[in-house]
Amino acid sequence: MNTKNCQSCGMPLNRDENGGATNADGSRCESYCSHCFVGGRFTQPDLSVTQMQERVREKLCEFGIPRAFTWIFTRKIPKLSRWSGGRSF
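When we follow the numbering used here, the leftmost residue of the sequence shown carries the number 505, and every step to the right adds one.
Pasting the structure below:
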């Protein structure tokens with residue numbers, strides 16, 4: 505599965521400063537960013553979709569996006585593979 509956005513947090517993969525996530529064998533994982541998935545595992549496996557949305561909102565606010573607009577960037581998170589049951593490793 506080749507995606508343009510992380511299938512956990514929605515971040516554009518081309519903005520991942522580490523070049524993306526890694527699988528357990530060290531190969532590049534093209535579905536997730538390095539903040540969400542490292543070495544074949546989610547970095548925060550017990551995080552709920554609601555918690556992820558809040559984390560992303562907080563990060564967007566750090567980048568200067570008004571909190572009132574952060575819903576635009578987080579509304580589709582529940583439809584991403586990690587949360588919709590279509591996990592891709």
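Beta carbons: idealized from backbone N, C-alpha and C, even for Gly.
| task | Run the CB neighbour count on Ile581, radius 10 Å, all protein chains shown included, and call it buried at 16 or more, exposed below. | result | Looking at its Cβ environment, which holds 16 or more other Cβ atoms inside 10 Å, Ile581 is buried.
| request: Put Asp520 into one of helix, strand or coil per three-state DSSP. | output: When secondary structure is reduced to three states using DSSP, Asp520 falls in the coil class, being assigned neither helix nor strand.
| field | Other residues of its chain near Ser531: CB distance less than 7 Å, five sequence neighbours each side excluded | value | None.
| message | So, under 8 Å CB-CB, Cys537 and Met515 are touching, yes? Tell me the CB distance rounded to an integer number of Å. | response | In this structure Cys537 is in contact with Met515, their Cβ atoms being roughly 5 Å apart against a cut-off of 8 Å.
| What are the uninterrupted segments assigned as alpha helix (DSSP H) that are 4 or more residues long and contained completely in the region 530-568, given in chain order? | Counting only runs of 4 or more, we get 553-566.
| Per DSSP, Asn509 is paired with what? | Looking at the DSSP assignment, Asn509 forms a beta bridge with Pro516.
| query | Using the beta-carbon count (16 or more within 10 Å), is Ser592 buried or exposed? | reply | In this predicted model, Ser592 has a pLDDT of only 49, less than 50, meaning its place in the structure is not dependable; the value taken from the coordinates is given anyway. Answer is exposed; the Cβ neighbour count stays below 16.
| message | For Ser535 and Thr554, I'd like the C-alpha separation in whole angstroms. | response | Roughly 20 Å separates the two Cα atoms.
| message | Is it buried or exposed, Trp587, if we count other Cβ atoms within 10 angstroms and call 16 or more buried? | response | Buried, because 16 or more other Cβ atoms sit within 10 Å of the Cβ of Trp587.
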